[in-house]
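According to numbering that gives the first Met the number 0, the sequence shown holds residues 0 to 493 in order.
Virtual Cβ for every residue (Gly too), placed ideally from N, Cα, C.
None of the values given here were measured: they were computed from a predicted structure.
One structure is given here, and the rest of the page talks about it.
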Amino acid sequence: MKKILVANRGEIALRIMRSAKEMGIQTVAVFSEADRQSPHVFFADEAVCIGAPPSSQSYLNAAKIIEVAKALNVDAIHPGYGFLSENAAFARMVAKAGITFIGPSPESMEIMGSKLGAKAAVKKYNIPLVPGTDYAISTVEEALKVGKEIGFPILIKASAGGGGKGMRVVESEAEFEESLRRAVSEAESAFGDGSVFLEKYFRNSKHIEIQVLCDNHGNFFHLFERECSIQRRHQKVIEEAPSAVLTPEQRAEMGNHAVNVARACNYSGAGTVEFIYCDGEYYFLEMNTRLQVEHPVTEMITGIDLVKEQIRIARGEKLSFSQSDLSIHGHAIEVRVYAEDPENNFLPDIGTLETYDKPQGPGIRIDDGFRAGMQIPIYYDPMIAKMIVHAQTREEAIAKTIRAIDEYRIHGVKTTLDFCRYVLMHDNFKDGSFHTHFVNQYFKPEDLNTSADDDELRIAALLTAYLLPNASAKSSPLTEQSETASAWRINRGF
Ligand code: MV4
0 MKKILVANRG EIALRIMRSA KEMGIQTVAV FSEADRQSPH VFFADEAVCI
50 GAPPSSQSYL NAAKIIEVAK ALNVDAIHPG YGFLSENAAF ARMVAKAGIT
100 FIGPSPESME IMGSKLGAKA AVKKYNIPLV PGTDYAISTV EEALKVGKEI
150 GFPILIKASA GGGGKGMRVV ESEAEFEESL RRAVSEAESA FGDGSVFLEK
200 YFRNSKHIEI QVLCDNHGNF FHLFERECSI QRRHQKVIEE APSAVLTPEQ
250 RAEMGNHAVN VARACNYSGA GTVEFIYCDG EYYFLEMNTR LQVEHPVTEM
300 ITGIDLVKEQ IRIARGEKLS FSQSDLSIHG HAIEVRVYAE DPENNFLPDI
350 GTLETYDKPQ GPGIRIDDGF RAGMQIPIYY DPMIAKMIVH AQTREEAIAK
400 TIRAIDEYRI HGVKTTLDFC RYVLMHDNFK DGSFHTHFVN QYFKPEDLNT
450 SADDDELRIA ALLTAYLLPN ASAKSSPLTE QSETASAWRI NRGF
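Have a look at this one:
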C-alpha cells in the first residue's frame, strides 16, 4: 500500500493523512471548490478538486472519487466518517476498481445498516437487547399487543434509521395509531424502507459505546468504552473514556458482547458497538461500521493509533497485540468546538475565523482543519475542531479541559466552547449522573452569561484598564483586546 486517497475533508482528512505519512504512505486529497484553502489539501502529496461545494457534487460523488483514485494509481481509499463511509455500494465500487477500501466488507455494512438485520445477526450470541420486537411491525393491532406487554413509553424506530434518525416516542395507547402511521411514512420517505420496530423507551439513559478492532485472521478485540451522553439533537458535544459509571466487571462483559456483535457480522477494521445504559443495566442498540468522530479519546487512554491499525488491517496484517495487552491509562475528554450559537438554539454561526489561537500544554491534542483567517463553509458540518485532553484521573482531565477552554481564543464566529465549560463545571457532569437529556434538562442560554458582545467587552476592558491600572498584568488593552476582555469576563465572576 503505497498511496491512499482520503475521501473526506477537514480535521478527519488531515488526521488520517498524518498517520498514513508516518507509515511512509503517500496521500491524495480530494476537495470541493469551497475547500481549496483547506489544510488537508496542502498537507497531501497530491490534491484534486472534485466538484462544486455541495456534498452531492463533491464528497458524495463516488464515481468521480474512484476516477481520481484510478488516474493517480491509488492503492486504497479511506472514507473517514460521514459522507461515503457507511455506503456499501461505494465499498463495492472501490473493490471493483481494484482498490482497497479501508473499512469493513460491504456485507458487514449492510447487516449493521439495518437495525433489524443487526438484531437478527446477534441472536445466536447472548447479547442483552432492549425489550421490544425483533421484527417489523405493520399493524396497529400488533403494536398495541406489544405495547401491553412492554408498557409505555415506547420508542418506534426505523430499521433503516440510526444515529437518532427515524425515532418516535409513544406515551400511551391513544397515540399509537397516529404515531405508527407517521413513523412508517417518515421511514418510507427518508430511507425508502418503511420497516419499523418497537422498543421500551428508556427515558433517563446513558449512551455508552465500545470501540472494536478486528483483523482478517480471527482476532476480535475491544478497546474499552466511550461515554457519549452529552449531546443535543443527536449531535455529541462532549465524550470521555473511560465511563465514570461502569464497574470493571461490566466493562469486561460489555467488551465481550461488543466483540460478539463484531463476530456476528464477520467484522473487519475499526467499529463501534453502541449500548444504552440505564440503572446499572445495558442493552445493545446498533453498530457503527466506521471510524467515529470521538475515536481520539480511545487513542489517548489505550495508546493505540486507530487509523494506523485500520491501515494495517486493510493491508491484511494481523493485529500486533492481544486483548490482554490492552489496558486503560488515565482519562480522556473530548470537547467538540462547533461554529454554533448555544444562546440561539445551537444554530450554525458561519463566518470568518478572525482569531484562532489554540491552547497548549501537556496532554492536549487538537484535531482541526482550519487556520486563522479561513471561512467556515456553510455546506458542511460546522465543527471547527475537536480538543482532546488526557490526564491521570477524571478530575484532573476535567480541570485541564476547563483550563484549555479558557486558553482557546476564537473570534469571528460563536462557538460551543463556553457551553462545554458550563457542562464540565456542572455537578451532574462531575458526579457522572448525567443522561442523554442533560442539555434539555439543565441548560438555559442565560447560564452562559456571555450576552455582552465583543464590543461591549472591549469597552469594559478599556474601562477596567483605566480605572484599575494594576488589576491585570496584561499589556495594553488596545493590543490585547481579546485577552483583556476575557480576563474581565472572568473577573466578573464568570
Ligand atoms: C434509545 C433510547 C431510549 N430507549 N432506545 C439515539 C441514537 C440511536 N443510536 C439510539 N438512540 C436512543 N435509543 C431506547 N429503547 C434513547 C436514545 C437516545 C436518545 C433518544 C431521544 C433523544 C435523545 C437521545 C440521545 C441519545 C440516545
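Asked, Found
"Among V5, I101, L346 and L325, nearest to A43 - alpha-carbon criterion", "V5"
"One or two residues paired with G270 in a DSSP bridge", "V211"
"Neighbour-count burial assignment, H233, 16 or more Cβ in a 10 Å radius", "exposed"
"Where I153 sits in the DSSP three-state scheme", "strand"
"Through-space distance from I126 to A173, alpha-carbon basis", "33 Å"
"Residue of G162, A261, R14 and Q230 minimising C-alpha distance to P341", "Q230"
"For A240, the nearest candidate out of R402, Q309 and E208 (CA to CA)", "E208"
"Terminal residues of the beta strand (DSSP E) in which S31 lies", "Q25 to S31"
"Contact set for A182: own chain, Cβ-Cβ below 6 Å, skip 5 residues either direction", "I155, R167 and V195"
"Contact test: V129 Cβ vs ligand 1 heavy atom, cutoff 7 Å", "yes"
"D405, enclosing beta strand (DSSP E) - first and last residue", "Not the beta strand (DSSP E): D405 falls in the alpha helix (DSSP H), residues R393 to E406."
"F223 - DSSP class collapsed to helix/strand/coil", "strand"
"Per-residue burial, D494 [other beta carbons within 10 Å of its own, 16 or more giving buried]", "A query on residue 494 cannot be resolved here, the shown segment of the chain reaching from 0 to 493 and no further."
"Cβ-heavy atom distance, I126 to ligand 1, below 7 Å", "no"
"C-alpha gap between G315 and M0, whole angstroms", "10 Å"
"Ranges of the beta strand (DSSP E) found wholly within the stretch 302 to 364, counting only runs of at least 3", "330 to 337 and 354 to 356"
"Check whether I327 and F223 have beta carbons under 8 Å apart", "yes"
"heavy atom of ligand 1 below 7 Å from G163 C-beta", "yes"
"Under 8 Å between C-beta atoms of C264 and M111", "yes"
"Backbone secondary structure at Y134 - three-state DSSP", "coil"
"Opening and closing residue of the beta strand (DSSP E) in which Q440 lies", "Segment F437 to Y441 is the alpha helix (DSSP H) holding Q440; no beta strand (DSSP E) there."
"Outcome for F283 when other beta-carbon atoms lying within 10 angstroms are tallied against a minimum of 16", "buried"
"Contact under 8 Å by Cβ, I300 with H330", "yes"
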